[in-house]
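Numbering (the working numbering), first residue to last: 612 to 905.
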Amino acid sequence: MTRHGFTLTAKGPFDFGATLRFVEDWPATSGLPSDGRALRFAYCAESDWLPLGVTVTAAPDGVAVATTRAAGPPIRGEVARILSLDVDGSGFAAAGEADPVLGDLQRKSPGLRPLGFWSPWEAACWAVIVQRSSMLIAARLKQRIAERYGAKVVVDGATYTAFPPPMTLLQAGGLGLPAQKEEWLRGLARAALDGVLTSEHLRALDPQEALAELRALPGVGPFSAGLILIRGAGAPDAFPGDEPRLFAILREAYGLPEDAPPAAYRKAAEAWRPYRSWASFLFRASGYGASERS
Numbered sequence: 612m613t614r615h616g617f618t619l620t621a622k623g624p625f626d627f628g629a630t631l632r633f634v635e636d637w638p639a640t641s642g643l644p645s646d647g648r649a650l651r652f653a654y655c656a657e658s659d660w661l662p663l664g665v666t667v668t669a670a671p672d673g674v675a676v677a678t679t680r681a682a683g684p685p686i687r688g689e690v691a692r693i694l695s696l697d698v699d700g701s702g703f704a705a706a707g708e709a710d711p712v713l714g715d716l717q718r719k720s721p722g723l724r725p726l727g728f729w730s731p732w733e734a735a736c737w738a739v740i741v742q743r744s745s746m747l748i749a750a751r752l753k754q755r756i757a758e759r760y761g762a763k764v765v766v767d768g769a770t771y772t773a774f775p776p777p778m779t780l781l782q783a784g785g786l787g788l789p790a791q792k793e794e795w796l797r798g799l800a801r802a803a804l805d806g807v808l809t810s811e812h813l814r815a816l817d818p819q820e821a822l823a824e825l826r827a828l829p830g831v832g833p834f835s836a837g838l839i840l841i842r843g844a845g846a847p848d849a850f851p852g853d854e855p856r857l858f859a860i861l862r863e864a865y866g867l868p869e870d871a872p873p874a875a876y877r878k879a880a881e882a883w884r885p886y887r888s889w890a891s892f893l894f895r896a897s898g899y900g901a902s903e904r905s
């Protein structure tokens with residue numbers, strides 16, 4: 612099979628090894644075999660909803676990427692967005708200088724950038740599947756849907772399954788989920804086909820406007836909207852408006868009272884601009900005793 616290669620250069624600190632270590636514990640990527648040297652996955656590119664396989668390895672000042680089909684600018688942009696290499700991170704250290712608590716996290720995890728979902732569409736589906744479910748069970752359900760309806764792609768001799776594109780789930784039979792969740796997923800599929808659940812659309816909006824638009828979608832609440840925008844579309848400077856897990860971590864880190872209002876968390880995050888998403892990711896990934904699980 613012909614492989615197509617390109618490189619992505621990081622602007623600012625970046626440690627691909629830290630990305631690989633994060634993947635090992637992230638339920639949304641469960642089932643991905645890892646040799647500790649490469650990130651391999653299959654997904655349906657939001658630029659055309661066709662499947663492709665991707666291999667990412669370390670390279671000087673960034674990563675080397677090989678794909679199973681020709682990778683034009685849209686796919687290059689998608690892979691860069693997944694790895695947060697589409698953002699100039701040169702100024703992230705300044706946020707840590709302005710906020711010593713964040714700075715301490717940066718020193719503990721130098722070069723760790725957010726790893727995103729393969730697409731906002733897949734992030735939205737995960738947000739629905741995981742509602743009122745454990746992470747482990749949700750990961751199994753998501754993988755089962757992928758195996759039943761998704762395309763299989765051979766990457767470096769191993770078979771990977773891409774989560775199905777919206778047009779497939781819209782026409783699929785039973786997904787093995789509660790009826791309400793299946794109805795929500797089909798509503799999200801229609802939104803994706805209308806161009807709402809795309810990185811280009813969501814990143815073009817002001818973060819608050821994007822969050823409001825996402826909350827209007829079926830099955831998407833405040834937490835899910837933040838997940839889709841930050842980890843799906845890769846928006847670098849959005850702050851979740853309602854995320855109990857992150858708020859609990861911030862209370863511990865900053866000594867905030869148990870009844871601190873949302874405004875207190877937003878105030879703490881002001882020092883992180885224009886990298887509020889990145890800082891939130893570091894807090895959740897390091898977790899002050901808790902680890903990132905969504």
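From the three backbone atoms N, C-alpha and C, an ideal C-beta is built for every residue, glycine too. Just so you know, these numbers come straight off a predicted model, no measurement behind them.
{"Query": "Terminal residues of the alpha helix (DSSP H) in which Y865 lies", "Result": "P855 to Y865"}
{"Query": "7 Å Cβ shell around A803 - same chain, five flanking residues per side excluded", "Result": "W732 and P777"}
{"Query": "Inter-residue spacing [alpha-carbon to alpha-carbon] between T668 and G616", "Result": "11 Å"}
{"Query": "Buried versus exposed, by CB contacts within 10 Å (16 or more), T678", "Result": "buried"}
{"Query": "Limits of the unbroken alpha helix (DSSP H) element including Y876", "Result": "P873 to A880"}
{"Query": "Helix, strand or coil at R814 according to DSSP, with G and I counted as helix", "Result": "helix"}
{"Query": "Bridge partners - F617, DSSP secondary structure assignment", "Result": "V676"}
{"Query": "Inter-residue CB distance, R743 and G845 (contact presumed, cutoff 8 Å)", "Result": "Incorrect: roughly 27 Å between the Cβ atoms, too far for contact."}
{"Query": "L710 classed as buried or exposed, judged by whether at least 16 other C-beta atoms fall within 10 angstroms", "Result": "Note that residue 710 is Asp in the sequence shown here, rather than Leu. Buried, since its Cβ has 16 or more Cβ neighbours within 10 Å."}
{"Query": "CA-to-CA distance, L661 to G879, given in whole angstroms", "Result": "At residue 879 the sequence reads Ala, which differs from the Gly that was named. The straight-line gap from Cα to Cα measures roughly 41 Å."}
{"Query": "Three or more C-beta pairs below 8 Å linking the stretch 865 to 874 and the stretch 832 to 841", "Result": "no"}
{"Query": "Within 8 Å, strictly: CB atoms of A773 and A762", "Result": "yes"}
{"Query": "Limits of the unbroken alpha helix (DSSP H) element including L893", "Result": "R887 to S897"}
{"Query": "For P833, three-class secondary structure by DSSP", "Result": "helix"}
{"Query": "Reduced DSSP secondary structure (H/G/I, E/B, other) of G664", "Result": "strand"}
{"Query": "Proximal residues to P829 (C-beta, below 6 Å), its chain only, five neighbours per side dropped", "Result": "W795 and G798"}
{"Query": "Cβ-based burial, T620 [other Cβ within 10 Å; buried from 16]", "Result": "exposed"}
{"Query": "DSSP state of F728 mapped onto helix, strand, coil", "Result": "coil"}
{"Query": "6 Å CB neighbourhood of A783 in its chain, flanking five on each side removed", "Result": "Y760"}
{"Query": "C-beta atoms of W729 and K753 nearer than 8 Å", "Result": "no"}
{"Query": "Reduced DSSP category for K622 - H, G, I as helix; E, B as strand; rest coil", "Result": "coil"}
{"Query": "For G702 and D626, believed in contact at Cβ under 8 Å, the rounded distance", "Result": "With a Cβ gap of about 17 Å, D626 and G702 do not count as contacting."}
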